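Going down the list, the protein sequences come from chains U and V.
For this note's numbering, count along the first sequence from 1 and bump the result up by 685.
For this note's numbering, count along the second sequence from 1 and bump the result up by 685.
Number of protein chains: 2
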Amino acid sequence: MSNLKTSLKIGLQILSVLARSESRPVSVRELALELGQSEKYLEQLLLPLRHARLVTSLRGPHGGYHLSRPPSHIALLEILELMQGPVTFCDCPSRQCAECVSPAMWQTLEACMETSMAHVTLADVMTMRPPKLPARVGLSPVWVENGLGI
Amino acid sequence: MSNLKTSLKIGLQILSVLARSESRPVSVRELALELGQSEKYLEQLLLPLRHARLVTSLRGPHGGYHLSRPPSHIALLEILELMQGPVTFCDCPSRQCAECVSPAMWQTLEACMETSMAHVTLADVMTMRPPKLPARVGLSPVWVENGLGI
DNA sequence: GATAATTCCTAGTAATACGATATGGAATAG
DNA sequence: CTATTCCATATCGTATTACTAGGAATTATC
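Okay, structure coming up:
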């Protein structure tokens, strides 16, 4: 079973299509044809993307959606949080519940994921390249030199 | 919503209890009392732990479960994979499906999580301390010095 | 204006996963 | 003989998720 929601995966596909046709807006109908999903479903997924101003919409004939920013300025973390919620390993507010066992542990691991994904951009996703990451990222995990061109 | 299953969290609680009473085996009944869960439920959770030889069982009177290894030699990753399945962001076998968008991306992120959790031990979890991690871990993410005693 | 293309919004339904419980008994060992 | 693990299955409730549906609002074009 995948740990990622379908909505995130399709959301990424949507954004990829929008990124490829920078110039003109893409209608939901076109997206539906290209991605093999229903228009209504894609509409729903576009809603949060628009509210977060990741995409901009144009109504009326020849309307559609386009990216609000260049793909290299859209972090995977943003998309992930929009489409499948925050990266939380335990969501008790106090971080002191029995389930927490070790709050510091979960927080560290959450930060690990977040920092990593904050440095991956839509451009990286599209080009199928491993992401460009700095050698070190704050106090959190980083990709290090790995012979893959980073 | 938490991204971790309850079974993992309770699994960790079980292992913590076992770790604290190293010397003698702990029966399911005792676990049930201590953790406030039904015996049958805990039995179910203990099954995969035993099959993976993380815990050893003794039958008959005064029987019960104990850890097969010291807590410092049980990686969080093992527990996680046993209790809530592998860390997979896309589970198509080919890694070439439409949902993949960027197989290299998911693989890198999966490796990030896995490597991080592979270096966290049950001992870390129990002591509520941030994990001890080497300054660098292969080609994957690491925790770096962060003033928390690592 | 009228019309048609499109986004926008709100609900609702259907399928699935998951947590949790329940039952019943076989095997094992003090 | 009794306490316990072991194992299988199945069931139920609920939360989440995927997906559908209908129609209001907006805008370009004729």
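A virtual CB, placed ideally from N, CA and C, is assigned to each residue, including glycine.
On a predicted model such as this, the values are computed, not experimentally measured, just so you know.
Separation of residue 703 of chain V and residue 739 of chain U (C-alpha to C-alpha, rounded to the nearest whole angstrom) is 48 angstroms. Short of 8 angstroms from the beta carbon of residue 696 of chain V, and not among the five residues preceding or following it, lie these beta carbons of its own chain, in chain order: 730, 734, 764, 767 and 768. Pairing residue 761 of chain V with residue 810 of chain V gives a Cβ-Cβ distance under 9 angstroms. Contact annotation: in the region 796-811 of chain V, residues whose CB is within less than 8 angstroms of a CB in chain U are 797, 798, 801, 802, 805, 809, 810 and 811. DSSP places residue 691 of chain U in the uninterrupted alpha helix (DSSP H) bounded by 691-705.
Straight through space, the alpha carbons of residue 755 of chain V and residue 808 of chain V are spaced by roughly 8 angstroms. For a Cβ distance threshold of 9 angstroms, residue set 773, 774, 775, 784 and 791 of chain U lies close to residue 689 of chain V, ordered along the chain. Residue 753 of chain V is bridged by DSSP to nothing; it lacks a bridge partner. Distances from the alpha-carbon of residue 758 of chain U to those of U:803, U:699, U:722 and U:691 put U:803 closest. For a Cβ distance threshold of 9 angstroms, nothing in chain V lies close to residue 739 of chain U: the least Cβ distance comes to about 16 angstroms. For residue 730 of chain V, no Cβ of chain U is located within less than 9 angstroms of the residue's own Cβ. For residue 739 of chain V, there is no enclosing beta strand (DSSP E), since its DSSP letter is neither H nor E. By the Cβ neighbour-count rule, residue 723 of chain V is exposed, with fewer than 16 other Cβ atoms within 10 Å of its own. For the region 707-719 of chain U, no residue has a beta-carbon sitting nearer than 7 angstroms to a beta-carbon of chain V. Between residue 710 of chain U and residue 743 of chain U, the beta carbon gap of about 5 angstroms places them in contact (Cβ cut-off 8 angstroms).
Residue-level contact check: residue 725 of chain U does not touch chain V, since none of the beta carbons of chain V fall below 9 angstroms from its beta carbon. By the criterion of a C-beta distance shorter than 6 angstroms, residue 772 of chain U is surrounded in its chain by 795, 798 and 799, once the five residues flanking it on both sides are discounted.
Residue contact check for residue 761 of chain V against chain U: a CB pair falls below 9 angstroms. Within the DSSP secondary-structure output, residue 810 of chain U pairs in no beta bridge. Within the region 748-760 of chain U, contact with chain V at the beta-carbon level (separation under 8 angstroms) is assigned to no residue. When Cβ-Cβ separations below 9 angstroms define contact, residue 767 of chain V makes no contact with chain U.
Residue 775 of chain U and residue 689 of chain V do touch by the CB rule: their CB atoms are close to 7 angstroms apart, below 8 angstroms.
With a threshold of 16 other beta carbon atoms within 10 Å, residue 749 of chain V meets it and is buried. In this structure, the straight-line span from the alpha carbon of residue 793 of chain U to that of residue 717 of chain V is close to 30 angstroms. Between residue 727 of chain V and residue 699 of chain V, the alpha-carbon positions lie close to 8 angstroms from each other.
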